[in-house]
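Visitor: FYI, in my numbering the residues of the sequence shown are 912 to 1133.
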Amino acid sequence: MSDTEILFTRCGGATASTIAIQQGFLHDEFGDDVTLRSLQESGDAAVRESHFDHSIPSMFREGGNIPPIWARAKGADTVVLAISWVDEFQSIVTRADSDIRTLADLRGKRLAVPLYAGISIDFQRGANFHGLANGLAVAGLTRDDVTFVDVPVERNVYGANGRGSGAAELDALFDGRVDAVFLRQSSGLRLLREHGTALHELVRLTDEPIRSTASTTAPRVR
912 MSDTEILFTR
922 CGGATASTIA
932 IQQGFLHDEF
942 GDDVTLRSLQ
952 ESGDAAVRES
962 HFDHSIPSMF
972 REGGNIPPIW
982 ARAKGADTVV
992 LAISWVDEFQ
1002 SIVTRADSDI
1012 RTLADLRGKR
1022 LAVPLYAGIS
1032 IDFQRGANFH
1042 GLANGLAVAG
1052 LTRDDVTFVD
1062 VPVERNVYGA
1072 NGRGSGAAEL
1082 DALFDGRVDA
1092 VFLRQSSGLR
1102 LLREHGTALH
1112 ELVRLTDEPI
1122 RSTASTTAPR
1132 VR
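(1) Is DSSP giving ARG1021 helix, strand or coil here?
(2) Quick one: using the 10 Å Cβ neighbour count with 16 as the cut-off for buried, is GLU1119 buried or exposed?
(3) Whose C-alpha, out of ILE930, LEU992 and PRO1025, is nearest the C-alpha of ALA1091?
(4) From ALA1050 to ASP964, what distance separates their C-alpha atoms?
(5) Would you check if the distance between the CB atom of ALA1028 and the CB atom of ARG1095 is smaller than 8 Å?
(6) Residue ranges of each alpha helix (DSSP H) run of no fewer than 4 residues wholly in the segment 1040 to 1108, ordered along the chain?
(7) Residues in its own chain within less than 6 Å of ASP893 by CB, not counting five upstream and five downstream?
(8) Quick check on this structure: which residue in LEU1047, ALA1048 and SER1076 has the alpha carbon closest to the alpha carbon of PHE1034?
(9) Can you tell me whether DSSP reads PHE971 as helix, strand or coil?
(10) Check for me: the alpha helix (DSSP H) holding THR929 runs from which residue to which?
(11) Among GLY974, ARG1115 and GLU952, whose alpha-carbon lies nearest the alpha-carbon of ASN1045?
(12) Counting only the same chain and skipping the five closest in sequence on each side, list residues whose C-beta sits under 7 Å from that of ILE967.
(13) DSSP three-state call for ALA1007: helix, strand or coil?
(14) From the DSSP output, read off the bridge partner residues of ARG948.
(15) With 16 as the cutoff for other CB atoms within 10 Å, does ARG1012 come out buried or exposed?
(16) My assumption, with CB atoms under 8 Å, is that VAL1062 sits in contact with ALA1083. Please give the rounded CB distance.
(17) Mind checking which residues open and close the alpha helix (DSSP H) that includes ARG959?
(18) Taking the beta carbon of SER1002 as the centre, do at least 16 other beta carbons fall within 10 Å, making it buried, or is it exposed?
(19) In three-state terms, what does DSSP make of HIS1111?
(20) To the nearest angstrom, how far is it from the Cα of GLY942 to the Cα of PHE936?
(21) On the three-state DSSP scale, how would you describe THR1117?
(22) Using only the alpha-carbon positions, how far apart do THR929 and THR1117 sit?
(23) Would a C-beta distance cut-off of 8 Å place LEU1042 and PHE1093 closer than the cut-off?
Okay, here's the thing in C-alpha cells:
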C-alpha cells in the first residue's frame, strides 16, 4: 500500500507528460510508495478546479502559463519546474466579404475576446488578448486603437465548450457582432479550413517574429 498520493493533470495540447503517463514512465519513476491519480478522475468539482487555481497540495500540472501566473499572484504555493515552447497555429481573420483587408484596417474595429462562464481563471481570454495585441503591434497599432467585444462562451467541467476555442468568436463574426477574430491551436486551424473562402486571413502570426503561446510552463504545487 502506498504512503503518498500525487495528483497529476495536463492540458489538452501537446505535453511530454502525456507520453510519460501512457508509457508508464511516471509510475516507474515514483515507484510503489506513491500512488499517481489523474485530477480529472475526481468527482469533486473543487478538486478538478485545481487544474486552474492550483489549490490542491501534492499535485503537478503540465499546461499553459496563464493559470499558474494567476494562481501564484493569488497566493498559491506553486513553483515552475520547467518551461517549454509550443509553436502553435495563430491567426487573425475577418469575413471574406468585409472591407478589412489588412491589419492596419483594424483601426476603430471590433475585436472578439471570449468570456468563459464559470471559470476561475479565463486562460483562453488571456491568450486571445495577447494574440490580438501582437497582431495589432505588427501594424503599428495598440489596444487603444480598437474596441474589444466580449463573446460569452459556455463551459463544461473541464474548461472547454465542446466545440473548440474560436468557435463562439466565429459565430459572433458571422452574425456581425465583431469585425475580427483571433484563432489559435489545432482547433483554430481546423475552423479556418472548415470555413474556407468565407474567411479572410489578415495575418498568420505563426510566421511572424512577434507571437505568443499560452502553453509554455510545467508548474507544480508543493
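We put the beta carbon where it would ideally sit given N, CA and C, even for glycine.
Guide: Reading from the atomic positions:
(1) Taking the sequence shown and counting its residues from 1, the one referred to as residue 1021 is at position 110. ARG1021 sits in a strand when the DSSP states are folded into three classes.
(2) The residue given as residue 1119 occupies position 208 in the sequence shown. Burial call: exposed.
(3) One-based indexing of the sequence shown puts residue 1091 at position 180. Among ILE930, LEU992 and PRO1025, the Cα nearest to that of ALA1091 is on PRO1025.
(4) Residue mapping note: residue 1050 aligns to position 139 of the sequence shown, counting from 1. Residue mapping note: residue 964 aligns to position 53 of the sequence shown, counting from 1. Cα to Cα, ALA1050 sits roughly 35 Å from ASP964.
(5) As a working note, residue 1028 is residue 117 in the sequence shown. As a working note, residue 1095 is residue 184 in the sequence shown. The criterion of a C-beta distance shorter than 8 Å is not satisfied by ALA1028 and ARG1095.
(6) If you keep only unbroken alpha helix (DSSP H) runs of at least 4 residues inside the segment 1040 to 1108, you get 1078 to 1085 and 1096 to 1106.
(7) This structure gives no information on residue 893, because the portion of the chain shown stretches from 912 to 1133.
(8) For the purposes of this step, residue 1034 is taken as residue 123 along the sequence shown, with counting starting at 1. For PHE1034, the nearest C-alpha among the options comes from SER1076.
(9) Position 60 of the sequence shown, counting from 1, holds the residue named residue 971. Correct three-state label for PHE971: strand.
(10) Position 18 of the sequence shown, counting from 1, holds the residue named residue 929. From DSSP, the alpha helix (DSSP H) with THR929 extends over 927 to 933.
(11) Working through the sequence shown from its first residue, we reach residue 1045 at position 134. Nearest in C-alpha terms to ASN1045, of all of GLY974, ARG1115 and GLU952, is ARG1115.
(12) Here residue 967 refers to the residue found at position 56 of the sequence shown. These residues qualify, in order along the chain: LEU918, VAL958, SER961 and VAL1132.
(13) By one-based count along the sequence shown, residue 1007 stands at place 96. Secondary structure of ALA1007 (DSSP, three-state): coil.
(14) Here residue 948 refers to the residue found at position 37 of the sequence shown. In the DSSP output, where bridge partners are listed per residue, ARG948 has LEU918.
(15) For the purposes of this step, residue 1012 is taken as the residue at position 101 of the sequence shown. By the Cβ-count criterion, ARG1012 is exposed, with fewer than 16 other Cβ atoms from all chains shown falling within 10 Å of its own Cβ.
(16) Your numbering for residue 1062 matches position 151 in the sequence shown. Your numbering for residue 1083 matches position 172 in the sequence shown. Rounded, the Cβ-Cβ distance is 5 Å, consistent with contact.
(17) Here residue 959 refers to the residue found at position 48 of the sequence shown. Element bounds for ARG959: 956 to 959.
(18) To locate residue 1002, count along the sequence shown from 1; it is residue 91. SER1002 comes out buried.
(19) Mapped onto the sequence shown, residue 1111 falls at position 200. If DSSP states are grouped into helix, strand and coil, HIS1111 belongs with the strands.
(20) Along the sequence shown, one-based indexing puts residue 942 at 31. Along the sequence shown, one-based indexing puts residue 936 at 25. Rounded to whole angstroms, GLY942 and PHE936 show a C-alpha spacing of 10 Å.
(21) Here the question's residue 1117 lines up with position 206 in the sequence shown. THR1117 falls in the helix class under three-state DSSP.
(22) For the purposes of this step, residue 929 is taken as the residue at position 18 of the sequence shown. For the purposes of this step, residue 1117 is taken as the residue at position 206 of the sequence shown. Computed Cα separation, rounded: 24 Å.
(23) Looking up residue 1042 in the sequence shown gives position 131. Looking up residue 1093 in the sequence shown gives position 182. Inspection of the sequence shows that residue 1042 is occupied by Gly rather than by Leu. Between GLY1042 and PHE1093, the C-beta gap is smaller than 8 Å, which places the two residues in contact.
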